[in-house]
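Engineer:
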Amino acid sequence: TPEEAISIMTAFEYLDPLLPKLAESLSLYIKEAEQVLSHNYASNYDNWKNKISIKNEGFQLQHKEINKSVLNNLHKALLTGMTISSTYCPRKTGKNTKYEKLYPIGLVHSGRLLYLIGSHDEKATKRFYWPLNRFKKIETLDETNPLSNEKVRDHEELLGFSFSDQDIRVILKFEKNAGYVFKETPTSKKMRLDEHDDSIVIEDVLADSLELENWIIGFGEKVEVLEPKELRNKIKTRLKAATKKYD
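Heads up: the sequence shown begins at 1097 in the numbering used here, then just goes up one per residue.
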């Protein structure tokens, strides 16, 4: 049906990087969906793509393409629990680096990039993340991955540039036109909200990370950190450094 066809086409656009061999396994369905949407009776559904959009928070960067063979081989390694070897090009040096053995844990889609979480040290004790688009080559090895049973969600904090393993109690005061959003979308189920005539104050326990700092700074003059004092001072220092660039 047209409803099924537009559902398949929309889902495929966003799920292809995250699911193994999705394009290959759905190729017949995709072709059928394209044919259904090309008929006159389905023209309204074909035009539906122009009526919807997924808008993530923040300024959106362009999507970065990923080598298909890299993605397919990584999917295979994650599915079978195998170790990989790889060639990676770091941003700082711009020179290819060879990892004879790399132990993948899983994939995280963050912003417009897809990241691989895993380890490459000999005893696999440390965890790292790599933008997948920087891999030039990935090959599966005939060797079991000792980290295959780990959950990638347990390591997502790597992408948040965590400062501590301990969460911190945060109290933030927002101008009303900026803080109203927390009445509908709280920072967590445990968040407390106090509404005043000209402001909204929220209190929650959140991860102590660079991601939190950047999120707060993103509100600019519309937010004030009341607690903790350490976070308040860090935000103050960063804002002072930023204003100096405009003197």
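C-beta: ideal position from N, C-alpha, C; glycine also.
Quick caveat, the model's predicted, so the values are computed rather than measured.
Can you pull the DSSP bridge partners for residue 1303?
Structural biologist: The residue you call residue 1303 lines up with position 207 of the sequence shown. Looking at the DSSP assignment, residue 1303 forms a beta bridge with 1263.
Engineer: Check the C-beta distance from residue 1212 over to residue 1170 and give it rounded, since I have them as a contact under 8 Å.
Structural biologist: As a position in the sequence shown, residue 1212 is number 116, starting the count at 1. As a position in the sequence shown, residue 1170 is number 74, starting the count at 1. Contact holds; Cβ gap of about 7 Å.
Engineer: Spatial neighbours of residue 1263 within its chain, please: C-beta separation below 8 Å, excluding the five flanking residues on both sides.
Structural biologist: Stepping through the sequence shown from its first residue, residue 1263 is reached at position 167. Within the same chain, residue 1263 has close Cβ partners 1301, 1302, 1303, 1304.
Engineer: Are the beta-carbon atoms belonging to residue 1243 and residue 1274 less than 8 Å from one another?
Structural biologist: On the sequence shown, position 147 is the one that residue 1243 refers to. On the sequence shown, position 178 is the one that residue 1274 refers to. No. Outside cutoff.
Engineer: Counting only runs of 3+ residues fully inside the region 1154–1219, write out the beta strand (DSSP E) ranges in chain order.
Structural biologist: Counting only runs of 3 or more, we get 1178–1184, 1193–1206, 1209–1215.
Engineer: Does the region 1275–1288 come within contact of the region 1230–1243, defined as at least 3 CB pairs closer than 8 Å?
Structural biologist: Touching, no.
Engineer: Going by the beta-carbon positions, is the gap between residue 1269 and residue 1297 smaller than 8 Å?
Structural biologist: As a first step, residue 1269 must be located in the sequence shown, where it is residue number 173. As a first step, residue 1297 must be located in the sequence shown, where it is residue number 201. A contact, by the Cβ cut-off of 8 Å.
Engineer: Near residue 1159, what residues of its chain come up, given a Cβ to Cβ distance below 6 Å and the 5 sequence neighbours on each side ignored?
Structural biologist: Taking the sequence shown and counting its residues from 1, the one referred to as residue 1159 is at position 63. Contacts found: 1208.
Engineer: Run through DSSP, which three-state label would residue 1289 get?
Structural biologist: Here residue 1289 refers to the residue found at position 193 when the sequence shown is read from its first residue. Strand, per DSSP.
Engineer: For residue 1315, which beta-bridge partners are listed by DSSP?
Structural biologist: Counted from its first residue, the sequence shown places residue 1315 at position 219. In the DSSP output, where bridge partners are listed per residue, residue 1315 has none listed.
Engineer: Could you check the C-alpha separation between residue 1215 and residue 1167 for me, to the nearest Å?
Structural biologist: Here residue 1215 corresponds to residue number 119 of the sequence shown, with the count starting at 1. Here residue 1167 corresponds to residue number 71 of the sequence shown, with the count starting at 1. So the two alpha carbons sit approximately 18 Å from each other.
Engineer: In whole angstroms, what is the alpha-carbon distance linking residue 1122 and residue 1106?
Structural biologist: Here the question's residue 1122 lines up with position 26 in the sequence shown. Here the question's residue 1106 lines up with position 10 in the sequence shown. Approximately 13 Å, taken between the alpha carbons.
Engineer: So residue 1333 is in the alpha helix (DSSP H); what residue range does that whole segment cover?
Structural biologist: If you number the sequence shown from 1, residue 1333 lands on position 237. Per DSSP, residue 1333 belongs to the alpha helix (DSSP H) from 1325–1340.
Engineer: My output table needs one value for residue 1098: the three-state DSSP class, helix, strand or coil.
Structural biologist: Within the sequence shown, numbered from 1, the residue matching residue 1098 stands at position 2. Looking at residue 1098 - three-state DSSP - the assignment turns out to be helix.
Engineer: Going by alpha carbons, who is nearest to residue 1164 out of 1113, 1237, 1146, 1191?
Structural biologist: Indexing the sequence shown from 1 puts residue 1164 at position 68. Nearest C-alpha to residue 1164: 1113.
Engineer: Identify the residues that DSSP records as bridge partners of residue 1225: which are they?
Structural biologist: Residue 1225 sits at position 129 when you count from the first residue of the sequence shown. 1213.
Engineer: Less than 8 Å between the beta carbons of residue 1198 and residue 1225, yes or no?
Structural biologist: The sequence position of residue 1198 within the sequence shown is 102, counting from 1. The sequence position of residue 1225 within the sequence shown is 129, counting from 1. Taking 8 Å as the Cβ cut-off, residue 1198 and residue 1225 do not qualify as a contacting pair.
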